[in-house]
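Protein chains in written order, with this note's numbering: chain A, 80 to 185; chain B, 80 to 185.
Idealized CB from N, CA, C, for every residue including glycine.
Below: the structure, in structure tokens.
There are 2 protein chains.
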Amino acid sequence: MQATADDLFRALADPTRRAIFERLALEELPVHALTERAGVSQPAVSKHLRVLKQAGLVRDRRAGRQTHYSAQLGALAPLIDWTSQMAGFWQSRFDHLEDLLKRMDQ
Amino acid sequence: MQATADDLFRALADPTRRAIFERLALEELPVHALTERAGVSQPAVSKHLRVLKQAGLVRDRRAGRQTHYSAQLGALAPLIDWTSQMAGFWQSRFDHLEDLLKRMDQ
DNA sequence: CTCACTCATAACCAATGGGTTATCGTTTCT
DNA sequence: AGAAACGATAACCCATTGGTTATGAGTGAG
Chain A
80 MQATADDLFR ALADPTRRAI FERLALEELP VHALTERAGV SQPAVSKHLR VLKQAGLVRD
140 RRAGRQTHYS AQLGALAPLI DWTSQMAGFW QSRFDHLEDL LKRMDQ
Chain B
80 MQATADDLFR ALADPTRRAI FERLALEELP VHALTERAGV SQPAVSKHLR VLKQAGLVRD
140 RRAGRQTHYS AQLGALAPLI DWTSQMAGFW QSRFDHLEDL LKRMDQ
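If you want it as structure tokens, here you go:
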């Protein structure tokens with residue numbers, strides 16, 4: 080199921096969680112690597128990842144005893160839709176970016 | 080002071096508050112008009128407006144005993160920047176892949 | 001086989017936050 | 001002047017949530 084703008088805003092509202100997502104936008108990482116930099120405990124990181132996954136923002140890949148997470152940038156589409164709708168005059172400038180993300184979904 | 084992406088995400092994470100902002104994006108409205116549709120009490124609406132104003136998302140204009148609020152769409156800029164940056168990260172990952180493929184080409 | 005590592009879950013706690021009712025200061029209307 | 005409308009604030013309540021520690025399940029290494 081497609082995440083709503085509501086899901087995305089809620090998932091990204093927390094700074095710690097958003098920081099995790101930002102890191103995952105750069106590279107796929109296992110939980111312990113994320114924990115090192117997150118400034119919170121490993122269970123806290125796992126909980127954040129759960130929320131991000133629920134929102135469709137990240138994907139997990141089991142590899143032995145590690146779980147690698149990566150960002151699903153295409154999931155940002157509803158956020159872009161919402162913003163575009165709000166700021167109608169920027170619509171044209173956004174269409175390009177939106178297309179890009181949608182085409183690269185998953 | 081300029082609101083951060085953090086402020087914006089937090090301000091827009093609540094559905095009721097976001098709905099208020101969406102209405103104000105269409106037209107300037109006094110508090111009581113917003114209250115009619117918000118589904119919550121007038122003080123609740125006032126609190127939401129306070130948060131939105133703090134984030135720079137709305138502007139208020141006193142007129143007699145009414146206070147008219149309107150959306151400041153330009154305040155969404157940091158949100159757009161953030162999203163663009165995320166897309167940019169993705170782009171750079173893609174560039175890396177391209178590099179890799181090119182180097183492997185010969 | 002045993003020990004260490006990785007991660008998810010459970011149980012719990014404190015802070016935050018969105019809601020309420022009550023009230024007060026302004027402003028408008030009669 | 002008195003009453004009613006409007007909106008902000010205060011005081012309070014309860015659900016949510018982000019954090020913790022403890023633990024268990026699964027996997028890799030010695």
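Backbone secondary structure at R89 (chain B) - three-state DSSP | R89 (chain B): helix per DSSP, three-state reduction.
Taking DSSP as the reference, what is the three-state secondary structure of A150 (chain A)?
-> Correct three-state label for A150 (chain A): strand.
Could you tell me which residues DSSP pairs with V137 (chain B) in its beta bridges?
-> Note: V137 (chain B) sits in a beta bridge opposite B:A150.
Helix, strand or coil for Q164 (chain A), going by three-state DSSP, please let me know.
-> Q164 (chain A): helix per DSSP, three-state reduction.
Identify the contact partners of P94 (chain B) in chain A, using a Cβ-Cβ distance below 7 Å as the criterion.
-> Within 7 Å Cβ-Cβ: D85.
Put Q81 (chain B) into one of helix, strand or coil per three-state DSSP.
-> Coil, per DSSP.
Less than 8 Å separating the beta-carbons of H87 (chain A) and I99 (chain A)?
-> Reading off the sequence, residue 87 (chain A) comes out as Leu, not His. For L87 (chain A) and I99 (chain A), no; Cβs fall outside 8 Å.
What do you reckon, are the CB atoms on P122 (chain A) and T146 (chain A) nearer than 8 Å?
-> For P122 (chain A) and T146 (chain A), no; Cβs fall outside 8 Å.
Counting contacts by CB-CB distance shorter than 8 Å, is T162 (chain A) in contact with chain B?
-> With its beta carbon less than 8 Å from one in chain B, T162 (chain A) belongs to the interface.
With 16 other Cβ atoms within 10 Å as the buried cut-off, status of H22 (chain A) = There is simply no residue 22 (chain A) to check, as chain A begins at 80 and stops at 185 in what is shown.
With a 10 Å radius around its C-beta and 16 neighbouring C-beta atoms as the bar for buried, classify Q133 (chain B) as buried or exposed.
-> In summary, Q133 (chain B) is exposed, with fewer than 16 beta-carbon neighbours lying within 10 Å of its beta-carbon over all protein chains present.
For R97 (chain A) and chain B, any beta-carbon pair shorter than 8 Å?
-> True, the Cβ-Cβ gap to chain B drops below 8 Å.
Return the Cβ separation of V130 (chain A) and A90 (chain A) in integer angstroms, given the expectation that the two are a contact with Cβ distance under 8 Å.
-> Correct: roughly 5 Å between the Cβ atoms.
Could you list which residues in chain B have their beta carbon closer than 7 Å to that of R89 (chain A), in chain order?
-> Correct list: A92.
How would you list, in chain order, the residues of chain A whose beta-carbon sits under 7 Å from the beta-carbon of L158 (chain B)?
-> Under the 7 Å cutoff, chain A gives T162.
Residues bridged to P109 (chain A) by DSSP?
-> Residue pairing from DSSP places P109 (chain A) in a beta bridge opposite A:H147.
According to the Cβ coordinates, are I159 (chain A) and T162 (chain B) closer than 8 Å?
-> A contact, by the Cβ cut-off of 8 Å.
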